[in-house]
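So the mapping is simple: the working numbering equals the position in the sequence shown, first residue as 1, plus 1191. The beta carbon of each residue, even a glycine, is placed where N, CA and C say it ideally should be. Keep in mind the model is a prediction, meaning the values are calculated, not measured.
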Amino acid sequence: MLYLAYPTAKALAKVLLQTTPDTLFNGVENRLREDPNVAAVDKVHFWQNTYGKCVGTIEIQLKSEADEQAALKFVYQKLEGLTSNAMVDGDRSELTVSIIKLA
1192 MLYLAYPTAK
1202 ALAKVLLQTT
1212 PDTLFNGVEN
1222 RLREDPNVAA
1232 VDKVHFWQNT
1242 YGKCVGTIEI
1252 QLKSEADEQA
1262 ALKFVYQKLE
1272 GLTSNAMVDG
1282 DRSELTVSII
1292 KLA
């Protein structure tokens, strides 16, 4: 009985504690640093709100000559598989991006 219940209990505990899913842990910053206009990636926080639905917030610092709209589009394209705008059981996944332009 414990053999069957343990994996389910572990998955539910991760959702309840809003932990970062294992698949997201290392790749987010590396994906965003591919853009030469990104100076720094800070305050990366992704968690599971419900099973299979990720919510995320991220702060990106851009170089002074960078275009904010192009950078925002790049961020959403790179993180599209992690949090998407597709409806999942009536809810949308969410991604909040804060862009800071360095002087």
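Name the two residues that bound the continuous alpha helix (DSSP H) containing residue i.
i            : result
residue 1221 : 1218-1223
residue 1203 : 1193-1207
residue 1293 : It is not in any alpha helix (DSSP H) - residue 1293 carries neither H nor E in the DSSP assignment.
residue 1269 : 1259-1269
If we ignore side chains and look at the alpha-carbon of each, how far apart do residue i and residue j end up?
i            : j            : result
residue 1251 : residue 1195 : 42 Å
residue 1265 : residue 1239 : 23 Å
residue 1285 : residue 1246 : 5 Å
residue 1232 : residue 1192 : 44 Å
residue 1294 : residue 1206 : 39 Å
residue 1256 : residue 1228 : 8 Å
residue 1210 : residue 1226 : 27 Å
residue 1288 : residue 1198 : 33 Å
residue 1241 : residue 1202 : 10 Å
Kindly indicate the opening and closing residues of the beta strand (DSSP E) around residue i.
i            : result
residue 1231 : 1229-1241
residue 1169 : With the chain represented from 1192 up to 1294, any question about residue 1169 goes unanswered, as that position is not in the structure.
Residues in the same chain with beta-carbon distance under 7 Å from residue i, minus the five sequence neighbours each way, listed in chain order, please.
i            : result
residue 1186 : Summary: the structure shown does not reach residue 1186, with the chain confined to residues 1192 through 1294, and so no result is reported for it.
residue 1223 : 1229, 1232, 1251, 1266 and 1269
residue 1200 : none
Within 10 angstroms of its Cβ, does residue i collect 16 or more other Cβ (buried), or is it exposed?
i            : result
residue 1204 : exposed
residue 1262 : buried
In chain order, what residues of the same chain lie with their CB nearer than 8 Å to the CB of residue i, ignoring the 5 residues before and after it?
i            : result
residue 1259 : 1253, 1290 and 1292
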